[in-house]
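There are 2 protein chains.
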Amino acid sequence: MRIGVGVIGAGTVGGGVIKALQTNHDQIAHKAGVDVALVHVADLRQECLAEFDLTGVTVSGDAEALINDPAVDVVCELIGGTGVAKTFILKALNARKNVVTANKMLLAKAGVELCQAAVANGVELRYEASVAGGIPIIKALREGLAANRIEFVYGILNGTCNYILSRMTYDRLDFGVALSQAQALGFAETPPDLDIEGHDTAHKCQILASLCYSTQVPLDSVYVEGITKVTRDDVAYASEMGYLIKLLAIIRAVDGGIEARVHPTLVPKTHLLASVRNEFNAIYVKGDVVDATLYYGRGAGRMPTASAVLADIIDIAKRGNAKAPAPFVYDKPRPIRNIGQVVGRYYLRLTTNDQAGVLGKVCTILGEHDVSIASCIQRDPHGKEHVHVVMMTHETAEAALRAALARIEKLDCIEEPTHVLRVLG
Amino acid sequence: MRIGVGVIGAGTVGGGVIKALQTNHDQIAHKAGVDVALVHVADLRQECLAEFDLTGVTVSGDAEALINDPAVDVVCELIGGTGVAKTFILKALNARKNVVTANKMLLAKAGVELCQAAVANGVELRYEASVAGGIPIIKALREGLAANRIEFVYGILNGTCNYILSRMTYDRLDFGVALSQAQALGFAETPPDLDIEGHDTAHKCQILASLCYSTQVPLDSVYVEGITKVTRDDVAYASEMGYLIKLLAIIRAVDGGIEARVHPTLVPKTHLLASVRNEFNAIYVKGDVVDATLYYGRGAGRMPTASAVLADIIDIAKRGNAKAPAPFVYDKPRPIRNIGQVVGRYYLRLTTNDQAGVLGKVCTILGEHDVSIASCIQRDPHGKEHVHVVMMTHETAEAALRAALARIEKLDCIEEPTHVLRVLG
């Protein structure tokens, strides 16, 4: 018996899949229990194809020919984007082919539609590679922790942001310098907006939230804040208070609703997530039965992502002719909480002109909104015009804090909008 | 459709399975796609059974009645040990029932025989809970990383040892005091030998090594050294050199052979495994496609272990009537390397009477065996009779080091056997 694999897109990830399928052919056949054979590659770019020995493999510039090739049992969509990728996936599902994809943006935007098409055709749509690259987190959530109600997920899901924040933390670089370094090393795209503005993490947050709570989470209900406003000063103040700054996707079940948000977050230095450095990803998951677990590895890159795509292919191959398992989405809407409803602790960096009594005025307003201060850093200004006052609040509702800050911004002594960061836990 | 679960042994883990099956019944049914129902519990201990509402569940003191109960589709063996547990598992497999177990000692000693019985009967034997409790590491190795050839596994697999070493590290306790504390908190059994002598870790090492390399690893070929000889001084010297001491299971593919060994190991403080504290477990796995990954969580305890047992049950339920997947062991023996063949760096703590020239004599002998020294700590003795000289070697074959140490032990200036610890990486 043989499972035929068709790869649409022989670029970074697709090329990795071709390479690993060839290099580890025997290992994969052993694990799958059947021969898993590359039978068709579709790509118009000759330079991508030239890298491989494709003897015996059908090569075409036509994804539809691949989809309709009777030798193809599993279609891998590895071109990305939300245009033709969606068309190809739907055509493949409607042709009753199983589909494996790494396309997080498409899943975040049209996951429900794609899953419904898979169910309607009795085939599978798998996407282990769409979140956290080589880390088998989809499998862990869907199968390994299947007996658990998920209490929360904290994810470092974007290697570019984690690399930049690591350089700001360990090498004391400015954001811009760290970004340039990430780009020079190939960890950041040009333009880098999708990463540093948090949208890539939001796509993954949407996928994990939908999966954890078997519900539809509209992408625009995911609160998103990137790392572009985090300064070297913030990193230093946070460190002084015992924290590192990480871009986290936070997914939580609260009062029958779901929180799904992405923002830079102060993580205690003693938390395992604080030890996740550079371009690595990690997901910290708390289940009601298993308690805390963590999954760590490379969240991007040719071969790590290929490892995840191949795990999906092998699972499909092992299933053979058995019925495809039901997909994650089912029709039980749960309210998605807005960011104002979040309750937590906050880091505030105020920029003042050091007018006498500023601390008193700020604290009075915060107090009037029931926001109390746990700790504070204010340095001797040494003649500087602008002075930072850094505060850590006790637990408060975000809406209350925002109302207080709206009043604080109007004080004469406040020179710039206050920088607000959320604190983990 | 319904899957009937029978639980043999309603103690710590069995009780956890019963509890979670009842509490999370709907969640489990949703994930499995079928009703997963507790139908039979076998235990002679009334006090264990009294904890649960077992209305509608058959309760017996007879495991064989449970095995032969036609309502039972999956038999959970949760009594432990290698005696009747083995008999019950074989009877269940021969009665064509799927079996889920957490019994690492039995799997390490008789895994091949049990797997063969499962294959012969076309049913499954699953054992996620046997290694690292609630962490889905068996699934990660078998499925999530299925496309990878595993280069190595480093595992913190015994919560008792990790707790004791954490107390020695962070609270500067002596081994004996830390052990008493672990026992008082219920993290260590009485007697604690299976844990602290490394045998429990060796059982898990055997299971993972067999799984990673699809081969039979005889339990007595796993090198085992516990943590009882690690002193507070060792912890302090290691820390000074930039390391923490952890009990690791190390599994590696080297030159066509396999290393499978358990011993206290110096782990660089910057390594993620160094951040795994207290009773937690973690497994660091490097695959040739995915690169490094890590899995972290609770390695023991009622509910975390139940989470793993239930994941296995849910997988069996999802499979329905499809053919059982092939088990891990197949007949391709690979040589298991002995400890003398290991190549690595070593920590040596020599106890001398501070005779002038001791360092010279020791280094001369080491040099004659091609063992070179990377760093050394020797303190002013301040009049003490016995003095520690601590050395870190460059990479060397263990056999060469042992030959040198046999000569060093005979020197007049050496007061006690030299304490040797292996260094990670």
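The listed protein sequences correspond, in order, to chains V and X. Sequential numbering from 1 applies to the first sequence in this note's numbering. Sequential numbering from 1 applies to the second sequence in this note's numbering. Yeah, the Cβ is synthetic: ideal placement off N, Cα and C, and Gly gets one too. Keep in mind the model is a prediction, meaning the values are calculated, not measured.
Check                                                                                                                                     : Outcome
Residue nearest to residue 278 of chain V in terms of C-alpha spacing, selected from V:148, V:201, V:80, V:162                            : V:162
DSSP bridge partner residues for residue 76 of chain V (one or two, in chain order)                                                       : V:7, V:100
Selection from X:106, X:9, X:382, X:167 that minimises the alpha carbon distance to residue 199 of chain X                                : X:106
Buried or exposed (CB count within 10 angstroms, at least 16 for buried), residue 170 of chain V                                          : exposed
Proximity winner among X:191, X:48, X:297, X:9, relative to residue 78 of chain X (alpha-carbon distances)                                : X:9
Residue 214 of chain V: contacting residues in chain X (beta-carbon distance under 8 Å)                                                   : 30
Inter-residue CB distance, residue 362 of chain V and residue 396 of chain V (contact presumed, cutoff 8 Å)                               : Rounded, the Cβ-Cβ distance is 14 Å, inconsistent with contact.
Residue 292 of chain V, DSSP secondary structure in three states                                                                          : strand
Chain V contact for residue 353 of chain X (CB, 8 Å cutoff)                                                                               : no
As assigned by DSSP and simplified to three states, the class of residue 219 of chain X                                                   : helix
Any C-beta of chain V under 8 Å from that of residue 239 of chain X                                                                       : no
Cut-off 7 Å between Cβ atoms - residues of its own chain near residue 80 of chain X, not counting five sequence neighbours on either side : 103
Cα-Cα separation, residue 299 of chain V to residue 139 of chain X                                                                        : 19 Å
Chain-ordered neighbours of residue 315 of chain V on chain X, where CB pairs are closer than 7 Å                                         : 143
Spatially closest choice to residue 176 of chain X from X:324, X:221, X:164, by CA coordinates                                            : X:164
Below-8 Å beta-carbon distance, residue 183 of chain X vs any chain V residue                                                             : no
CB contact below 8 Å: residue 295 of chain X versus chain V                                                                               : yes
Backbone CA spacing between residue 240 of chain V and residue 306 of chain X [nearest angstrom]                                          : 41 Å
CA nearest to the CA of residue 123 of chain V, picked from V:143, V:130, V:153, V:91                                                     : V:91
DSSP three-state assignment for residue 417 of chain V, whether helix, strand or coil                                                     : strand
Beta carbon proximity, residue 320 of chain X to chain V, threshold 8 Å                                                                   : yes
Rounded separation between residue 128 of chain X and residue 1 of chain V - CA only                                                      : 29 Å
Residue 192 of chain X classed as buried or exposed, judged by whether at least 16 other C-beta atoms fall within 10 angstroms            : buried
Identity of the residues DSSP links to residue 265 of chain X by a beta bridge                                                            : X:246, X:422
The alpha helix (DSSP H) enclosing residue 163 of chain X, as first and last residue numbers                                              : 159-170
CA nearest to the CA of residue 314 of chain X, picked from V:383, V:236, V:338, V:141                                                    : V:141
CB contact below 8 Å: residue 24 of chain V versus chain X                                                                                : yes
Cα-Cα separation, residue 47 of chain V to residue 263 of chain X                                                                         : 50 Å
Chain V within 8 Å of residue 275 of chain X, Cβ atoms only                                                                               : yes
Cutoff 8 Å: residue 303 of chain X Cβ touching any chain V Cβ                                                                             : yes
As assigned by DSSP and simplified to three states, the class of residue 197 of chain X                                                   : coil
When V:246, V:94, V:222 are compared against residue 196 of chain V, the one with the closest alpha-carbon                                : V:246
For residue 209 of chain V and residue 243 of chain V, the rounded distance between their alpha carbons                                   : 26 Å
Member of X:37, X:108, X:100, X:411 whose CA lies at the smallest distance from the CA of residue 118 of chain X                          : X:100
Buried/exposed call for residue 201 of chain V, threshold 16 Cβ in 10 Å                                                                   : buried
Boundaries of the alpha helix (DSSP H) in which residue 91 of chain V is found, first to last residue                                     : 84-94
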